Each structure stands twice: as structure tokens, then as C-alpha cells.
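Comments concern the structure below.
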Amino acid sequence: MRNHASLALVAAGLFFLAELLYAQDSAGPGPVTLTGFYTWGGRASDLTVVLTPAGQGRWNAAYVARRGRQELHYTGIIEGQLKNGQVSGTGQANDRRTFIFRGTAKDGVITARHFETTGGREKPTGDLTLR
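Below, the structure is given as C-alpha cells:
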């Protein structure tokens, strides 16, 4: 009987550990806020992204980019591994400007290059960092 209880405890511990490791590479059940900065035209500005889970490795994204006193609002999708791995995203503003980014997450810090795609072609516009 004691062995069965020990095995059940070990199994429960392994299940908990697996769930913990999975959660480290996902946004969890509710919204997650990432903050950081982006560069555009050689100037760094604040960037905030609120992620809402939309499936495994996929989130709906609401971006707020600040340029001086102006706030730019974009909505889009982020896909990938937020903790460690490849990450990419899209965004579109009300004024029809669109962008994409591609990069890498390492220890929960995302670094990427972003591109404007409004004209149908990728035009490099700068870098971003989020945590």
C-alpha cells in the first residue's frame, strides 16, 4: 500500500512539473502583458503588447506603440514560443498600415526585427525588444 501511495505521489509530482514547464512556454489561460521598446527611424520608443491566448503557441495581440505624445494602436497575432524559441507577429492599425516581425525569445526576452508591409512588400523599419 505504501508503494502505491509513493508511486501516486511521484506521478502527481511529474504531472505538476510537466504542467509547469509547459506554462513557461505559453501565455497561460488569461491575458499577458509584455513591455519593452521598438526603434523606428533610429528612435527608440515604448511598446506594450497585451496577449490573449488563441490556441497553442498563438495569441491575439493588442499593441500600443508610443512616439512622443502620440499612441499608435495595432491589433494582430503573435505565434511561437514566448519563453525560448522562434516568435513572429503581425499588426494592423486603423489607418491600414500593417507590419510584421520575426525574432527569437530567450529566457522570456523577445528580440526581433520589424517590417512595414503596407505596400505589399517588406520594408525594414527597425527592431523591438519585449519581456
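Quick note: the working numbering has the sequence shown finishing at residue 118, numbered continuously throughout. Beta carbons: idealized from backbone N, C-alpha and C, even for Gly. Since the model is a prediction, treat every value here as computed from it, not as a measurement.
Arg129 versus Gln43: straight-line alpha-carbon distance, rounded: There is simply no residue 129 to check, as the chain begins at -12 and stops at 118 in what is shown.
For Pro16, three-class secondary structure by DSSP: coil
Residues of its chain near Thr105, where Cβ-Cβ distance is below 6 Å and the 5 sequence neighbours each way are ignored: Excluding positions up to five away in sequence, the list reads Arg84, Thr85.
Whole-Å CB distance - Ala92 paired with Asn71, under 8 Å assumed: Distance from Ala92 to Asn71 at the Cβ level is roughly 6 Å; contact confirmed, criterion being Cβ atoms closer than 8 Å.
Best match in Pro16, Pro18, Ala31 for proximity to Gly113 [C-alpha to C-alpha]: Ala31
Chain E within 9 Å of Ala49, Cβ atoms only: Note that chain E does not occur in the displayed structure, where there is just one protein chain.
Residues bridged to Leu117 [DSSP beta-bridge criterion]: Gly23, Ile97
Beta-carbon contacts of Glu103 that lie in its chain and below 6 Å, excluding the five residues immediately before and after: Phe86, Lys110, Thr112
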